[in-house]
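Protein chains: 2
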Amino acid sequence: MTSPHQLTAIEAGRQIDAGTLTSEALARDCLERIAEREPSIDAWHHLAVDAALARARELDRGPRRGPLHGIPFGAKDIIDTFDMPTEYGSPIYKGNQTANDAACVALMREAGGNLFGKTVTTEFANMFPGKTKNPHDPQRTPGGSSSGSAAAVGAQMVPLALGTQTTASTIRPAAFCGVVGYRPSWGDLRLSGVREAAGSLDTLGLMARSIEDISLLRDVLLGRTWEPLEGEPRVPRIGFCRTALWPQIEPAAAVLLEDAARHLAAAGAVVEDVDLPPGFGQILDAHRWVSSFEFSRNFRHEVVNHWELISQTLRDGRLKDGLGCTWERYAEARSFLDTCRGQLDGVFADYDLLLTSPCDGEAPIGIQTTGNPYFSAIWTALHVPCLTVPAFTGPNGMPIGAQLIGRPRHDRQLLDAARWVWRSIG
Amino acid sequence: MTSPHQLTAIEAGRQIDAGTLTSEALARDCLERIAEREPSIDAWHHLAVDAALARARELDRGPRRGPLHGIPFGAKDIIDTFDMPTEYGSPIYKGNQTANDAACVALMREAGGNLFGKTVTTEFANMFPGKTKNPHDPQRTPGGSSSGSAAAVGAQMVPLALGTQTTASTIRPAAFCGVVGYRPSWGDLRLSGVREAAGSLDTLGLMARSIEDISLLRDVLLGRTWEPLEGEPRVPRIGFCRTALWPQIEPAAAVLLEDAARHLAAAGAVVEDVDLPPGFGQILDAHRWVSSFEFSRNFRHEVVNHWELISQTLRDGRLKDGLGCTWERYAEARSFLDTCRGQLDGVFADYDLLLTSPCDGEAPIGIQTTGNPYFSAIWTALHVPCLTVPAFTGPNGMPIGAQLIGRPRHDRQLLDAARWVWRSIG
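Encoded structure:
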């Protein structure tokens, strides 16, 4: 029998609507799951057990608030909350309390969501890792920077969690933890109340265990009426895009994705190899300068006043790059990325979506680093919608994802087509 | 003799460097000016007199910090500060204290700036006005939403102040208060720690009493080495752009701007009438839906939890528009604005800058509203750099500005050419 904590948000919502499950029973079962799994995973930076139960009982007493009525969720600890501390993964902000909820949290709560707590982030959503372990193997990294959100959803502690992505911070941990991760088209979902890393690249990141749940959460975060993904998705035209990073991928992961491409063709999709335009080879370099320049200006208060509380990793990485990057170099890199974005119509002329790898393979052993970010960073820089689905299992029993890329601002079409892809691979 | 409070930032900085003025003497003179003028103007929401003097003495004891060493400034009260409250012009946030400085404040302080306090903003940088009066006539509005910043600079209380602009919130108050106001190209200056109104339109706004000061402050906010605007500016090719709003302008203001265009031609510039492409007529409508949709999502926490503390003006205006705006309508308006932005190369093919009006004339009587925003909103929506200079005096003795518009991301070229324009008009 399926326990409530194993349900997707939509499945749990249906049972709550039908009266066969209460918000409180769901919350209790998820909290039990957390009590069981948290000691070996450490997904939560702050867990508000009593508040979660009180909220569940309050929801059970009242009318249906919206499509997330009674659904537990977590929020990455760079996202402000009026009733819980927000510490940004940094000792500088020990005990920091903001006055209001970030827009995304407020929208989820308005729809009936039950915020369980704040999930572990790397320091300022950059590279220095937190305490979280991979739910499929505590020896391995969960990925970052949205480490706790991916681990909490992957461990079936909560069906939904919020992260962010400036480089690879949603797609990578989602793939490593075996969950569905979604980075929306840049600019679609509001970031008010989310600590900015590099605004021209930042987006929210959504974690769930089904594509339908991602679509539901996206509708909530857009502040629109939920329109479920329903019916038979159209068979998409698929570009199989290895990218210039292909030599970095683990052989087993490469074979799995190439097999999947063949399966999709056999299932009836047009699947063709597609190369990105030659100039796109400079995207990672441009991403580095744009993200570092903006980050180092955004964190000037911390640089000037709290240098000794910033990790060596951050000082010698993003901050060193950013503080050494001239305005001219930044402006050139930014213009280069604009030019690349302008070439996407050509890339997508014959395809509805691209199939590619979210990472270089299984989550690596060790929690001192968060893994290879480049397979995700390319797409982040291009502002396109990205989705990873836990399609495969690797040679060490770890989840491996398949990443699907959509046309800019065609997020719903991507999610719809991705249903067909996942089903056909699986 | 010129008092220190009358100096521009660059002039004061030169005297401090030369040892003929101390940071403390400058701060004391500005504070005396504030004590004299503030009772009739109410530019400040929070003024930190003791902290300003302490900071000035600290700066006098140490080495030169940067190009703003000892320079007093104000920051609009939607900009976070670690040592002063930030109340966003709303009773909801009475006494609110954030943990850190916004990026812009941290950058100015790092460069030696002396933050005197927080200037009055309209409620959440929207339309409901604060207490501030126009420094040139207390019966009249200072404009909004950066009301206090414009009034403080216009009344010679401080040489520099920070505002923001989502519609007309810097250019309009700057023009009404007789100061130089600058809205940078969208995306250039970091907004971390500034309360978001509508992220796809928001920028910082800079207030000063010279174009050279604006350029200095821009360099500081970019986190780059100051390169003063020097030498003889090139004579620009000028498009005189009345826009479709021309019938709304006061006759006296229209005559002043048309005379100025003739003066500029007589001084040697190419000056030609230019019309915006016909489709641009829908820009104000698109701006309305984009800004309202984003605003209403960003302020979901306040809408859900503090509805009774939100002004009727905001409830029945921006929030009603935004809560009633569908995602589809928003997405269409956003795409329309993208299309217009793509046509700017054509508009600027033959011109270095456009000359237009920042407002419909002098600041109107009454402080219940902040004046006509449309003359500025068009350019806000286009993401172009905008500068207003206090070029004229109207029939009621009030300042009237001339607005200059540059190519996107050609801000320095705009500021450079604007020196020639202002000198030639004046």
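In order, the protein sequence lines correspond to chains A and B. The letter at position 282 of the first sequence is residue 321 when you use my numbering, and the numbering goes up by one with no holes. The letter at position 322 of the second sequence is residue 361 when you use my numbering, and the numbering goes up by one with no holes. Positions of the beta carbon are idealized from the N, C-alpha and C atoms, including for glycine. Predicted, not measured: the structure shown is a model, and the values here were computed from it.
> What are the start and end residues of each continuous alpha helix (DSSP H) run of 4 or more residues lying completely inside the region 197–285 of chain B, in chain order?
Replying inline: Entirely contained in the region 197–285 of chain B, the alpha helix (DSSP H) runs reaching 4 residues are, in chain order, 210–216, 250–261.
>> Three or more C-beta pairs under 8 angstroms: does that hold for the region 242–261 of chain B against the region 216–234 of chain B?
In response: Three or more Cβ pairs closer than 8 angstroms define a contact, and the region 242–261 of chain B meets that threshold against the region 216–234 of chain B.
> Can you list the residues of chain A that Phe387/B reaches, using a CB-CB cut of under 7 angstroms?
Replying inline: If you number the second sequence from 1, residue 387/B lands on position 348. Contact of Phe387/B with chain A by beta-carbon distance below 7 angstroms is absent, the smallest such distance being about 16 angstroms.
> Which residues, taken in chain order from the region 123–141 of chain A, show a beta carbon closer than 7 angstroms to some beta carbon of chain B?
Replying inline: Tyr132, Asn135, Ala138, Asn139, Asp140
>> On the DSSP letters alone, give me the boundaries of the beta strand (DSSP E) that Phe112/A sits inside.
In response: Against the first sequence, residue 112/A aligns to sequence position 73. Unbroken beta strand (DSSP E) run through Phe112/A: 111–115.
> Given 8 angstroms as the limit, is there contact between the region 73–80 of chain B and the region 447–463 of chain A, that is, 3 or more CB pairs closer than that?
Replying inline: no
> In terms of residue numbering, what span does the alpha helix (DSSP H) encompassing Ala337/B cover?
Replying inline: On the second sequence, residue 337/B is found 298 positions in, with the first residue counted as 1. Sequence inspection shows Asn at residue 337/B; the Ala mentioned does not correspond to that position. From DSSP, the alpha helix (DSSP H) with Asn337/B extends over 322–337.
> Relative to the ligand MN, is the shortest distance from any of its heavy atoms to the C-beta of His302/B smaller than 8 angstroms?
Replying inline: Summarising the ligand content, the structure contains no ligands, and the ligand MN is consequently not present.
> Is it the case that the Cβ atoms of Cys398/B and Ile439/B are separated by a distance below 9 angstroms?
Replying inline: Translated into the one-based positions of the second sequence, residue 398/B becomes position 359. Translated into the one-based positions of the second sequence, residue 439/B becomes position 400. It is a contact, given that the beta carbons lie within the stated cut-off.
> What is the residue span of the alpha helix (DSSP H) that Leu296/A lies within?
Replying inline: Residue 296/A sits at position 257 when you count from the first residue of the first sequence. Start and end: 290–305.
> Got a sec, what are the start and stop residues for the alpha helix (DSSP H) Glu371/B sits in?
Replying inline: For this step, residue 371/B is matched to residue 332 along the second sequence. Note, Glu371/B: alpha helix (DSSP H), 366–381.
> Which one of Ala51/B, Thr378/B, Ile73/B has the shortest CA to CA distance from Pro317/B?
Replying inline: For the purposes of this step, residue 317/B is taken as the residue at position 278 of the second sequence. Checking every option, the nearest Cα to that of Pro317/B belongs to Thr378/B.
>> Is there a C-beta anywhere in chain A that falls below 9 angstroms from the one on His340/B?
In response: As a first step, residue 340/B is located in the second sequence; it is residue number 301 there, counting from the start. For His340/B, a Cβ of chain A is located within less than 9 angstroms of the residue's own Cβ.
>> My output table needs one value for Phe387/B: the three-state DSSP class, helix, strand or coil.
In response: By 1-based counting over the second sequence, the position of residue 387/B is 348. Coil.
>> Restricting to Cα atoms, I'd like to know which of Gly128/B, Asp122/B, Asp314/B is closest to Phe167/B.
In response: Within the second sequence, numbered from 1, the residue matching residue 167/B stands at position 128. Measuring from the Cα of Phe167/B, the nearest candidate turns out to be Gly128/B.
> In this structure, does DSSP put Ile49/B in helix, strand or coil?
Replying inline: What you label residue 49/B is simply residue 10 of the second sequence in a count that begins at 1. In the structure shown, Ile49/B sits in a helix (DSSP, three-state: H, G or I).
> Hey, quick one: how far does the alpha helix (DSSP H) through Gly187/B stretch, first residue to last?
Replying inline: Within the second sequence, numbered from 1, the residue matching residue 187/B stands at position 148. Here the alpha helix (DSSP H) through Gly187/B covers 186–193.
>> I'd like to know whether the C-beta of Ala145/B is nearer than 9 angstroms to at least one C-beta of chain A.
In response: For the purposes of this step, residue 145/B is taken as residue 106 along the second sequence, with counting starting at 1. By this cut-off, Ala145/B is an interface position.
> In terms of residues, what are the limits of the beta strand (DSSP E) holding Gly361/B?
Replying inline: Position 322 of the second sequence, counting from 1, holds the residue named residue 361/B. Taken as a continuous stretch (DSSP letters only), Gly361/B belongs to no beta strand (DSSP E), being part of the alpha helix (DSSP H) at 359–362.
> Does the beta carbon of Ser350/B sit closer than 9 angstroms to a beta carbon anywhere in chain A?
Replying inline: For the purposes of this step, residue 350/B is taken as the residue at position 311 of the second sequence. No, Ser350/B lies away from the interface with chain A (no Cβ there is under 9 angstroms from its Cβ).
> Are there 16 or more other CB atoms within 10 angstroms of the CB of Leu348/B, so buried, or fewer, so exposed?
Replying inline: Translated into positions along the second sequence, residue 348/B becomes position 309. Leu348/B should be labelled exposed.
> Given a threshold of 16 other Cβ atoms within 10 Å of its Cβ, counted over all protein chains shown, does Lys170/B qualify as buried or as exposed?
Replying inline: Residue mapping note: residue 170/B aligns to position 131 of the second sequence, counting from 1. That one is exposed.
>> Contact defined as beta carbons within less than 8 angstroms: I believe Asn135/A pairs with Ala138/B. What is the distance between those atoms, to the nearest angstrom?
In response: Here residue 135/A corresponds to residue number 96 of the first sequence, with the count starting at 1. Here residue 138/B corresponds to residue number 99 of the second sequence, with the count starting at 1. Asn135/A to Ala138/B, Cβ: 5 angstroms. Contact.
> Which of the residues in the region 249–263 of chain B, read from start to end, lie with their CB under 9 angstroms from any CB of chain A?
Replying inline: Asp258, Leu260, Leu261, Gly262, Arg263
>> Does Arg103/A come out as helix, strand or coil in the three-state DSSP assignment?
In response: Here residue 103/A refers to the residue found at position 64 of the first sequence. Coil.
> In whole angstroms, what separates the C-alpha of Ile118/A from that of Gln45/A?
Replying inline: Along the first sequence, one-based indexing puts residue 118/A at 79. Along the first sequence, one-based indexing puts residue 45/A at 6. Rounded to whole angstroms, Ile118/A to Gln45/A spans 25 angstroms at the Cα level.
> Three-state secondary structure (DSSP) at Arg448/A?
Replying inline: For the purposes of this step, residue 448/A is taken as the residue at position 409 of the first sequence. DSSP places Arg448/A in coil when its eight states are reduced to three.
> Among residues of its own chain, excluding the 5 on either side of Glu235/B, which ones have a beta-carbon nearer than 7 angstroms to its beta-carbon?
Replying inline: For the purposes of this step, residue 235/B is identified with residue 196 of the second sequence, where counting begins at 1. Result list for Glu235/B: Asp241, Asn337, in chain order.
>> Would you say Ala93/A lies against chain B (beta-carbon separation less than 9 angstroms)?
In response: Translated into the one-based positions of the first sequence, residue 93/A becomes position 54. It does not: the Cβ of Ala93/A has no partner Cβ on chain B nearer than 9 angstroms.
> Rounded to a whole number of angstroms, what is the C-alpha to C-alpha distance between Ala237/B and Thr365/B?
Replying inline: As a working note, residue 237/B is residue 198 in the second sequence. As a working note, residue 365/B is residue 326 in the second sequence. Cα to Cα, Ala237/B sits roughly 16 angstroms from Thr365/B.
>> Taking the straight line between their C-alpha atoms, what separation do you get for Ile110/A and Ile277/B?
In response: Position 71 of the first sequence holds residue 110/A. Position 238 of the second sequence holds residue 277/B. Inter-residue distance for Ile110/A and Ile277/B is about 59 angstroms (C-alpha atoms, whole angstroms).
> Quick one: what does DSSP say Asn344/A is sitting in, helix, strand or coil?
Replying inline: Mapped onto the first sequence, residue 344/A falls at position 305. The answer is helix: DSSP assigns Asn344/A an H, G or I state.
>> Using the three-state DSSP reduction, which class does Asp68/B fall into: helix, strand or coil?
In response: The count along the second sequence starts at 1 and reaches residue 68/B at position 29. DSSP places Asp68/B within a helical segment (H, G or I) once states are collapsed to three.
>> Assess contact between the region 61–77 of chain B and the region 187–199 of chain B, defined as three or more Cβ pairs (one per stretch) separated by less than 8 angstroms. Is contact present?
In response: yes
> Got a sec: which bits of the region 216–235 of chain A sit with their beta carbon under 8 angstroms from any beta carbon on chain B, in order along the chain?
Replying inline: Gly226, Arg229, Leu230, Ser231, Gly232, Arg234, Glu235
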